[in-house]
Structures are given as structure tokens and as C-alpha cells.
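First to last, the sequence lines map onto chains A and B. FYI, the numbering for the first sequence is 2 to 133, going by the working numbering. FYI, the numbering for the second sequence is 2 to 133, going by the working numbering. Structure first, then comments.
Number of protein chains: 2
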Amino acid sequence: MKYSKATNYALHTMLHLALSNSNKPIGVQILAQQQKVSPTYLSKILTKLVKEGMVASASGANGGYSLTKGWESISFLDIIYTIEGKSSLFDCDFDHGSHCPIQKVMLRSEEKMEEELRKQTIADLILDRTTT
Amino acid sequence: MKYSKATNYALHTMLHLALSNSNKPIGVQILAQQQKVSPTYLSKILTKLVKEGMVASASGANGGYSLTKGWESISFLDIIYTIEGKSSLFDCDFDHGSHCPIQKVMLRSEEKMEEELRKQTIADLILDRTTT
DNA sequence: GATATTAAAGAGTCTTGAAGTCTATTATTG
DNA sequence: CAATAATAGACTTCAAGACTCTTTAATATC
Ligand code: SF4
Ligand code: SF4
């Protein structure tokens, strides 16, 4: 049970995009270089973020990726959901009704984590960086 | 990113052992039957719990598995750690020091989940069941 | 409009780990 | 000793993660 590397790449890319506060898009080569990952693979990951509207992409010369309006409110959970999917961490094949005590515990604990990830935005990291 | 099925089996087995409050050990065949999993495979999982001292095993006729003294304080997290291991959900290959903001967020959120799983014991489920 | 640039899409590869089987071996009871 | 039951280890199968390679589509600049 681990987060996929793709999640790691997505988070780092978002941070990087947020940090370079130019409104010019950044090419995937540059983004990929920093994380030592292949451009085509990172591109595939970023496309997911594009489809969710978190990132804008521009083809052609001087194209690349950039954050969309309202990016300041994008949370860690948003990004994680986009990459990992939204299904629960704990799944049992059966459905023994809503009384199932095990599932109740597992889902509640999971919810605690997500609650925290929902609070934290990429923008928060920038503030941290400038204040320290 | 999912819990393994082994974790599911381990939790259910612990609950089952706790529920059958006889002090006689229960054979793996019976435990496996309920969860529709092969006895040998479940046995492999239970051996992990045995090694952690949560469960006692008895070979030979009338043998099987039973909870050990102090089982009432075994938490969900204890069981999960035993099966899934204790390493963090988020791992990056690099180590950019303790200032890394991404890791900080990820670990804190994870800690929230574990906090909840640490509070919940198998024994709690029994109480729930008898009161409802 | 041609050409260079860049993202998107899709097929295909490689590796790893989960999930489980099979077959001994060891321990215990009676 | 014979039956029962856990333990151990080797082995197999399958699915998903983590990519690569190649082609196609969009766009800007000359
Ligand atoms: S008891 Fe709950 S967790 Fe277990 S199989 Fe039934 S529904 Fe699933
Ligand atoms: S910034 Fe943090 S999470 Fe990212 S690679 Fe460095 S140490 Fe890892």
C-alpha cells in the first residue's frame, strides 16, 4: 500500500508550476528534467490534471503547461484523487450491509487523512516557503 | 493504492477469534471457510500475527489459533502494521532534508489516519455489537 | 503555407508485488 | 504409532505500475 510515483510527480509538478509565478506556460521537458522522469511519461500524467481543469496546456511553439485560474484553492486531495482515483483504500468483495463494523472503522480513519489533505493546498506551500 | 487482501483477512480473523470467546483454539480450516480463502494461505497470514505475539498457535490435534493475553488492547493499526509493514505511504527516492514541504503534508495526513486506527481496537467492535 | 515546436493518444514492454497453490516438515494429541 | 494441524519454502499466476516508442494533432513563427 503505497502512493504511486505518478502522484509524487503530479504533486511536484504542481508545486513547480505554482512556484514559477510567470504566466507563461512551461514545457514538459523542463518539468520532467527536474524530477528525472521522461517527458512523455510526465506528459501522460499531466494530461489527467488538464482534464480535471487544474492545469492548462498549450500546444505549439512556446507552449507547455500552466496553472488555471483558481489554482490557489487546489488541494492535495484534489491532485491525489485525480491520479489515484477516488475509490476507498479498503475494499471487501462482500457487502454485509451498513452495519459492518470493520468497514466503518477503516473508512472513518481514511476520512481523517483525506480531511487533512483537503485542507492543504499547493498555495499553502508557497506561503510557508516565503515566511521561512 | 489499496490495502492488501491479506489485511482484510487478518482483520476478519481477529474479529472472529475475539467473537468466539471460547478459550479453545480454532483451526484454520474453519477460519478460512468463513472468508472463502484457502487455509494454507490464511495460515501464512496468521503466522505473521503469531510472530507479533497477537495470536497463539497450537499444533497437533485440537490445535489452532487463539488470541493471546492482552488481546483487548490490540488496535487496528497493530494488525495493519503487521501485515502491510510500517513504512510510510508516501516515499520519494530523494531526500531534500527535513524542510521538504510535500513530504511534511503527506506524512501529517497519514498520521491522522493512523491516529484513528490506533484508537480503535478489535475489542471495541465487540462492545458495539452487544450494545446494538 | 511550410516548418519547427509541443502536447495528446495509443500500443506495446518490463518489472514488481500481490495472491495464491503445492508439497514437505514439524509439533501435538490420544 | 496414527491422525491432526501449524510452519516453511518453492513455485505459479495475474494485474498493475512504470515506463518507452511512435504517431497524430494543434499552434506559433517565419
Ligand atoms: S464484515 Fe464488512 S468488511 Fe467484512 S466482508 Fe462483510 S462487509 Fe466486508
Ligand atoms: S521535495 Fe520532498 S518530496 Fe520532493 S523529492 Fe525532495 S524530499 Fe522528496
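Glycine is no exception: its CB is placed at the ideal position from the N, C-alpha and C atoms.
By the C-beta density criterion, Ala11/A is buried, having at least 16 other C-beta atoms within 10 angstroms. Within the same chain, Cβ atoms closer than 8 Å to the Cβ of Ser21/A are found at Ile27, the five residues on either side in sequence being excluded. Taken through DSSP and simplified to helix, strand or coil, Ala62/A comes out as coil.
Assignment of Thr122/B by DSSP, reduced to helix, strand and coil, places it in the strand class.
Boundaries of the alpha helix (DSSP H) around Glu85/A: Phe77 to Glu85. Leu16/A reaches chain B at Ile103, counting residues in chain order whose Cβ is nearer than 7 Å.
A distance below 8 Å between beta-carbons, with the five flanking residues on each side excluded, links Leu43/A to the following residues of its chain, in chain order: Tyr10, Thr14, Val29, Leu32, Ala33 and Gln36.
By alpha-carbon distance to Glu116/A, the top candidate from Lys6/A, Ile81/A and Trp72/A is Ile81/A.
Pairing Ser58/A with Val56/B, the inter-Cα distance amounts to about 55 Å. Beta-bridge partners assigned by DSSP to Ala57/B: Ser67/B. Annotation: the continuous alpha helix (DSSP H) that includes Asn9/A extends over Lys6 to Leu20. Among the residues facing chain B, Met55/A is not included, as its CB has no counterpart in that chain under 8 Å away. For Asn9/B, the chain A residues whose Cβ falls inside 7 Å of its Cβ are Cys93, in order along the chain. Val29/A has a beta carbon lying at 8 Å or more from every beta carbon in chain B.
For Gln121/A, a Cβ of chain B is located within less than 8 Å of the residue's own Cβ.
Comparing alpha carbon positions, the residue from Lys49/B, Ser74/B and Thr69/B closest to Gly86/B is Lys49/B. The secondary-structure analysis by DSSP pairs Ile27/B across a beta bridge with Tyr66/B. In the DSSP assignment, Ser88/A falls outside any alpha helix (DSSP H), carrying neither H nor E. Against His13/A, the close residues of chain B are Cys93 and Ile103, in the order they occur along the chain (beta-carbon pairs closer than 9 Å).
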